[in-house]
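Asker: Quick one: this structure, given as structure tokens, is what I'll be asking you about.
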Amino acid sequence: MDPVARLIASLALERIELNLFRGTTPARSGDRIFGGQVIAQALLAAYETVDSRICHSLHCYFIRPGDPKIPILFEVDRARDGGSFTTRRVAAIQNGRQIFNFAASFQDAETGFEHQSQMPPVPAPESLPPPEASFRPPNGPSAASLLRRAMRLDAIETRPAPPPPAGPGGTPTVEVWMRARGAIGPDPRQQQAVMAFTSDMGLMGTAFLPHPLTWETPGLQSASLDHAMWFHRPSDFSVWHLFAHDSPSASGGRGFNRGSIFRADGTLVASVAQEGLMRMRPPKT
């Protein structure tokens with residue numbers, strides 16, 4: 016089975032009841048569940064209760080760390096089926112407690128006004144080295160090692176553009192090309208699930224850049240708090256897309272990050288926003 020087929024299979028759900036689904040986490044996923052996984056699985060659970068409309072936005076909160084060793088129950092609330100929009104809420108549950116909640120809106124296809132932001136100028140993906148070329152395995156568990164163990168570098172190919180200077184005065188922006196390492200297929204639900212999965216890769220670290228911080232900085236406490244995504248136009252994530260991040264603010268122990276996802280031809284296909292915990296623990300005495 017190729018890496019993308021394995022990723023799609025790992026996101027698949029078992030229907031237990033009309034509005035209740037069970038999902039699992041792949042082996043080698045570290046000590047907590049990757050946020051992109053639970054976002055994608057909640058989206059797929061909601062889709063199981065929607066006839067033909069396509070998701071245009073989702074909003075979610077990470078409440079507790081997920082345990083990758085036990086299944087996740089996804090309970091769907093069919094909040095509304097309207098004339099052109101459908102709304103769903105999903106609670107992800109482990110050990111009788113919510114670890115994550117999610118809301119999404121789905122819409123019939125229609126035409127309307129059009130405008131978009133411009134894609135930033137970056138080198139072509141083929142001219143950039145893969146991150147594996149400079150990957151340094153960190154000591155102990157971290158977001159980087161979690162990313163590697165959970166096979167995301169197997170299923171998703173990345174080509175980061177040259178980073179801006181780190182440290183005070185550095186620009187909190189990141190541009191990285193991404194695509195699935197194989198065909199996803201024509202189903203727009205699976206396309207969105209893979210893109211939603213990928214949207215949580217590296218976004219939170221953008222807020223580290225001006226300070227400077229890394230995932231291995233001693234005493235750094237970090238975790239995703241919430242995540243939102245808007246799907247503007249359909250796209251095939253099996254081809255290169257530019258994920259352009261920026262972080263306009265950090266305050267109150269939280270870092271705020273935004274992302275725009277463009278096709279290689281400059282078409283804006285999705286936008287993302289996320290706030291993460293960004294706190295230094297006091298040194299142990």
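Quick note on the numbering used here: the sequence shown kicks off at 16 and runs consecutively. Note that CB positions come from ideal geometry on N, CA and C, so glycine has one too. Keep in mind the model is a prediction, meaning the values are calculated, not measured.
1. One question on the structure: do Leu28 and Phe36 come within less than 8 Å of each other, judged by their Cβ atoms?
2. Compare the C-alpha of Phe252 against each of Asp261, Gly268, Phe277 and Asp241 and name the closest.
3. When you compare only the Cα positions, how much space is there between Leu59 and Gly97?
4. From the DSSP secondary-structure annotation, give me the bridge partner or partners of Gln236.
5. On the three-pair Cβ rule with 8 Å, is the segment 17 to 24 touching the segment 60 to 76?
6. Name the residue from Gln122, Ile31, Leu33 and Val191 whose alpha carbon lies nearest to the alpha carbon of Leu73.
7. How long is the line joining the alpha carbons of Ile31 and Asn272, rounded to whole angstroms?
8. Checking 8 Å against the spacing of the C-beta atoms, do Ala55 and Ala208 come in under that value?
9. Using only CA atoms, which one of Pro187, Arg104 and Ala285 lies nearest to Ser262?
10. By how many angstroms is the C-alpha of Phe115 removed from the C-alpha of Val105?
11. Is the beta carbon of Met219 sitting closer than 8 Å to the one on Ala285?
12. Quick check on the burial criterion: 16 or more other C-beta atoms within 10 angstroms. Buried or exposed for Val3?
13. What residue range is occupied by the uninterrupted beta strand (DSSP E) comprising Ile87?
14. Can you tell me where the beta strand (DSSP E) with Met193 in it begins and where it stops?
15. Just checking my contact of Gln113 with Ala107 at CB under 8 Å: how many whole Å lie between their CB atoms?
16. Just how far apart, CA to CA, sit Leu292 and Met216?
17. Entirely within the segment 22 to 71 and at least 3 residues each: give me those beta strand (DSSP E) ranges in chain order.
18. Do you know how far the Cα of Gly81 is from the Cα of Arg248?
19. Less than 8 Å between the beta carbons of Trp230 and His71, yes or no?
20. How is the alpha helix (DSSP H) around Pro203 delimited, first residue to last?
21. For the beta strand (DSSP E) containing Thr101, list its first residue and its last residue.
22. Tell me the residue span of the beta strand (DSSP E) that contains Phe121.
23. Figure out for me which residue from Gly281, Ala24 and Tyr76 has the closest Cα to the Cα of His130.
24. Is it true that the CB of Ser275 sits closer than 8 Å to the CB of Ser132?
25. Given Pro138, which residues of its chain have a CB within under 7 Å of its CB, disregarding the five upstream and five downstream residues?
26. In terms of residue numbering, what span does the beta strand (DSSP E) encompassing His256 cover?
27. Less than 8 Å separating the beta-carbons of His242 and Met193?
28. For Phe115, verify whether its CB is less than 7 Å away from any heavy atom of the ligand NAP.
29. Do you know how far the Cα of Thr221 is from the Cα of Gly50?
Answerer: From the atom records:
1. yes
2. Phe277
3. 20 Å
4. Arg294
5. no
6. Gln122
7. 36 Å
8. yes
9. Pro187
10. 8 Å
11. no
12. Summary: the structure shown does not reach residue 3, with the chain confined to residues 16 through 300, and so no result is reported for it.
13. Ile87 to Asp96
14. Thr188 to Ala195
15. 7 Å
16. 16 Å
17. 29 to 32 and 35 to 38
18. 31 Å
19. no
20. Pro203 to Thr213
21. Phe100 to Gln109
22. Arg112 to Gln122
23. Gly281
24. yes
25. Ala176
26. His256 to Ser266
27. no
28. With respect to the ligand NAP, the structure offers nothing, as it holds no ligand at all.
29. 16 Å
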